[in-house]
Amino acid sequence: MSTRYIYTFALIMTVLVALLLAGSKVVLEPIATKNEDIFNKRQILEAIAAPLEKAGRPVASLSDQEVLDIFQEQVEQEVVMADGSAVEGIQAIEVDMAKERKKPLEERQYPVYEVALDGKSFYIFSVRGTGLWDAIWGNIALEEDMNTVAGVSFDHAGETPGLGAEIKDNASWKAQFAGKKIYDGDKYVSVTVRKGGAVDQEHEVDGLSGATVTADGVTKMLYEGLKAYQPYMDDAATGATSMNLK
Amino acid sequence: MATTTEAKVAEKEPLFGKQERALMTDPLLDNNPITIQVLGVCSALAVTSLVYPSLVMAIAVVFVCAFSSLVTSLLRNTIPKAVRLIVQLVIIATLVTLVNETLKAVNYPVYKQLSVYIGLIITNCIVMGRLEAFAMANKPWRSFLDGIGNGLGYGLILVVVGFIRELFGKGSLFAGSPIAIKIIGPSPEYLIDTATAGQWGSFVFGWYANNNLMVMSVAAMFIIAVLIWIQRSRNPKLVDIS
Chain C
1 MSTRYIYTFA LIMTVLVALL LAGSKVVLEP IATKNEDIFN KRQILEAIAA PLEKAGRPVA
61 SLSDQEVLDI FQEQVEQEVV MADGSAVEGI QAIEVDMAKE RKKPLEERQY PVYEVALDGK
121 SFYIFSVRGT GLWDAIWGNI ALEEDMNTVA GVSFDHAGET PGLGAEIKDN ASWKAQFAGK
181 KIYDGDKYVS VTVRKGGAVD QEHEVDGLSG ATVTADGVTK MLYEGLKAYQ PYMDDAATGA
241 TSMNLK
Chain B
1001 MATTTEAKVA EKEPLFGKQE RALMTDPLLD NNPITIQVLG VCSALAVTSL VYPSLVMAIA
1061 VVFVCAFSSL VTSLLRNTIP KAVRLIVQLV IIATLVTLVN ETLKAVNYPV YKQLSVYIGL
1121 IITNCIVMGR LEAFAMANKP WRSFLDGIGN GLGYGLILVV VGFIRELFGK GSLFAGSPIA
1181 IKIIGPSPEY LIDTATAGQW GSFVFGWYAN NNLMVMSVAA MFIIAVLIWI QRSRNPKLVD
1241 IS
């Protein structure tokens, strides 16, 4: 076979394959994007899994459409800067925490989701950090007082299954976060994952055996992640108090 | 005239003759890609912690194996020998990309769970091994069956390993799928509740806890090793005497 034949063969094959793949991408991409959106929204709602279950709508049994409906009707999305000022013209769900983390602190944007449920408001904040092997991230839901944790959801890029990956898989461990306070009096302390078991029941949860580095990553992620929201929380809390006074 | 027609009929290969059936059944046991040829072990360790993703992975590999064999076999006389490996790789990569995009659109959570491993089917030695060893030298229908057989042989081991790992590691089966069932665990959601005091479940299974080792890849290594052991002790012909 001549060199010419080989080149022709390669050329025709490449063009055919390119057309096929481009066509499939055009058809499937919109569906995939929609799926990704639902997947992300579901993960955010998992942070308020406990209140949702109390309201008779457990996250696991929500259909895709119901997830979108909740976001449409009950969730208010905001984007804030580290100084607490609001950013206009962008939805919280569009903020890519991985990209934000690479920017200098004063340019970072942070998503806030305010969920109205049974007459109460919950605020969900997104955080991102580093575990043992790769990135970890999560959503923390606070109650209206901006102090009490209502629930958390975590995910990870590559923690060890059965050890570090428990931050995502272990529901009873995550359940411990509910009711913890991120303030000790006026002092911001966040929630700490304590190796060997929580000592301070108000601000600590039990560690995960065999996953010390991931657990420390969670502690650091929560401390730094929620700290960035402090100016926003202060504003919202004073706003809430002044509204109460009225 | 009549004799030539007869000859043609006799020459024509049956769709599911003895040989064709053997092409599909041999790779299931006596020539299994994982336990006998020891190919594709990496992904067998990585994706088998739950049954459902193992099943999806198995289907993906059957699809890629079957259709890459078919396409390669159809093109076998036109593929320039000098670039045949690259051509095979392009065929495999195209099919894998299609599977990846389809899974993303059909079942996003499972796509997330399998992460890079769908893409890594491209590097699965089983697929390219069958193209080079079989599809390049055989007719399309037989190559297609050979692809299905080898994909199924791989998938069978994947699902068996996934079944054992999920049952003993998580106490559930098919988690993440519509037919998820919880078998054994410490809450009333499970069929066998190890926590309820006073019930027979607690009396008999109170000591039971999920085995964390099963969740880790190491467990797959042990299970595959045991499968190889059982298979070879039942069939001494498979033992390599050298």
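Line by line, the protein sequences are chains C and B.
The first sequence: position 111 = 111 (my numbering), numbered continuously.
The second sequence: position 154 = 1154 (my numbering), numbered continuously.
Backbone N, C-alpha and C define an ideal beta-carbon position, used for all residues, glycine too.
Relative to the C-alpha of residue i, which candidate in the options has its C-alpha closest?
i, options, result
"TYR232(C)", "GLU144(C), VAL213(C), GLY207(C), ARG194(C)", "GLU144(C)"
"GLU1132(B)", "ARG1076(B), ILE1192(B), TYR1208(B)", "ARG1076(B)"
"ILE1126(B)", "ALA1060(B), PHE1174(B), ALA1082(B)", "ALA1060(B)"
"ILE1148(B)", "LEU1050(B), ALA1066(B), LEU1055(B)", "ALA1066(B)"
"ALA1180(B)", "LEU1152(B), TYR1052(B), LEU1045(B), GLN1019(B)", "TYR1052(B)"
"ILE70(C)", "GLU88(C), ASP96(C), ILE90(C), TYR113(C)", "TYR113(C)"
"GLN72(C)", "LYS54(C), GLN91(C), ALA60(C)", "GLN91(C)"
"ALA1219(B)", "LYS1018(B), GLN1037(B), ILE1034(B), ALA1046(B)", "ALA1046(B)"
"LEU1050(B)", "MET1216(B), GLY1153(B), ILE1086(B), ASN1235(B)", "MET1216(B)"
"VAL213(C)", "GLU88(C), ILE38(C), TRP133(C)", "TRP133(C)"
"ALA253(C)", "ASN35(C), GLY84(C), THR3(C)", "The structure shown does not extend to residue 253(C), since chain C spans only 1 to 246, so no value can be given for it."
"TYR183(C)", "ASP96(C), HIS203(C), LEU117(C)", "HIS203(C)"
"ILE1092(B)", "ASP216(C), VAL17(C), GLN201(C)", "VAL17(C)"
"VAL1161(B)", "VAL1226(B), THR1094(B), PHE1016(B)", "VAL1226(B)"
"ILE1034(B)", "PRO1178(B), GLY1153(B), ALA1022(B)", "GLY1153(B)"
"GLU1101(B)", "LEU117(C), LYS25(C), ALA82(C), LYS103(C)", "LYS25(C)"
"PHE39(C)", "VAL59(C), VAL189(C), GLY210(C), GLY119(C)", "VAL59(C)"
"LYS168(C)", "ASP206(C), ASP155(C), THR8(C), LEU19(C)", "ASP155(C)"
"LEU1250(B)", "LEU1074(B), LEU1070(B), ILE1164(B), SER1187(B)", "Residue 1250(B) is absent from the model: chain B starts at 1001 and stops at 1242."
"GLN1088(B)", "VAL1064(B), SER1177(B), ILE1036(B)", "VAL1064(B)"
"ARG4(C)", "ALA1082(B), THR1123(B), GLN1113(B), TRP1141(B)", "ALA1082(B)"
"VAL1106(B)", "ASP118(C), ASN147(C), ASN35(C), GLU76(C)", "ASN35(C)"
"LEU208(C)", "SER172(C), GLY179(C), VAL189(C), GLU76(C)", "SER172(C)"
With a cut-off of 8 angstroms on the beta carbons, I'd call residue i and residue j a contact; round off their distance for me.
i, j, result
"GLY1185(B)", "GLY1171(B)", "4 angstroms"
"PHE1205(B)", "ILE1224(B)", "PHE1205(B) to ILE1224(B), Cβ: 28 angstroms. No contact."
"GLY1129(B)", "LEU1213(B)", "At roughly 31 angstroms, the Cβ-Cβ gap does not stay under 8 angstroms, so GLY1129(B) and LEU1213(B) are not in contact."
"ILE1044(B)", "ILE1157(B)", "A small correction: the amino acid at residue 1044(B) is Ala; Ile does not occupy that position in the sequence shown. Sure, about 6 angstroms apart at Cβ, within 8 angstroms."
"GLY1169(B)", "ASN1235(B)", "That pair is no contact at about 29 angstroms."
"GLU1166(B)", "ALA1175(B)", "7 angstroms"
"LEU1095(B)", "SER1068(B)", "6 angstroms"
"VAL115(C)", "VAL95(C)", "Contact flag wrong, Cβ pair sits at about 17 angstroms."
So for residue i, helix, strand or coil by DSSP?
i, result
"THR214(C)", "helix"
"ARG4(C)", "helix"
"ILE1036(B)", "coil"
"GLY225(C)", "helix"
"TRP133(C)", "coil"
"GLU106(C)", "helix"
"THR1196(B)", "coil"
"GLY1153(B)", "helix"
"GLY1162(B)", "helix"
"ALA1060(B)", "helix"
"ASN139(C)", "strand"
"PRO1186(B)", "coil"
"THR1078(B)", "coil"
"GLY164(C)", "coil"
"GLY281(C)", "No answer is possible for residue 281(C): the residues shown for chain C start at 1 and end at 246."
"ASP184(C)", "strand"
"LYS1170(B)", "coil"
"ASP155(C)", "strand"
"ALA240(C)", "Residue placement at ALA240(C) is poorly supported in this model, since its pLDDT is 49, which falls under 50; the coordinates still yield a value, given next. DSSP places ALA240(C) in helix when its eight states are reduced to three."
"LYS1112(B)", "helix"
"SER190(C)", "coil"
"PRO1014(B)", "coil"
"LYS120(C)", "strand"
"TYR1208(B)", "coil"
"ARG101(C)", "coil"
"THR219(C)", "helix"
"ALA175(C)", "helix"
"SER126(C)", "strand"
"GLY1181(B)", "Here the sequence assigns Ile to residue 1181(B), which means Gly is not the residue at that position. Note: ILE1181(B) maps to strand in three-state DSSP."
"THR148(C)", "strand"
"GLU1020(B)", "helix"
"VAL199(C)", "coil"
"VAL1051(B)", "helix"
Taking 7 angstroms as the cut-off, is the CB of residue i close to at least one heavy atom of the ligand ATP?
i, result
"VAL1226(B)", "The ligand ATP is absent from the structure shown, which contains no ligands of any kind."
**Message:** Across the stretch 40-54 of chain C and the stretch 181-197 of chain C, are there enough close Cβ pairs to call them in contact, namely three or more that are closer than 8 angstroms?
**Reply:** no
**Request:** Ignoring anything shorter than 4 residues or poking outside the stretch 61-99 of chain C, list the alpha helix (DSSP H) runs there in chain order.
**Result:** 64-73
**Message:** Quick check on the DSSP output: what are the complete beta strand (DSSP E) runs of length 3 or more inside the stretch 1114-1144 of chain B, in order along the chain?
**Reply:** none
**Contact between the stretch 47-62 of chain C and the stretch 139-158 of chain C (3+ Cβ pairs under 8 angstroms)** = yes
**Request:** Would you be able to state if there are at least three C-beta pairs under 8 angstroms between the stretch 98-109 of chain C and the stretch 17-32 of chain C?
**Result:** no
**Item:** alpha helix (DSSP H) runs contained entirely in the stretch 1211-1242 of chain B, provided each spans 4 or more residues
**Value:** 1212-1215, 1217-1234
**Prompt:** Counting Cβ pairs closer than 8 angstroms, one from the stretch 1022-1036 of chain B and one from the stretch 1231-1239 of chain B, do we hit at least three?
**Reply:** yes
**Prompt:** Counting pairs of beta carbons, one from the stretch 127-134 of chain C and one from the stretch 214-231 of chain C, are three or more of them closer than 8 angstroms?
**Reply:** yes
**Request:** Counting only runs of 4+ residues fully inside the stretch 6-62 of chain C, write out the alpha helix (DSSP H) ranges in chain order.
**Result:** 49-54
**Request:** State whether the stretch 156-172 of chain C contacts the stretch 55-67 of chain C, with contact taken as three or more CB pairs (one from each stretch) at a distance under 8 angstroms.
**Result:** no
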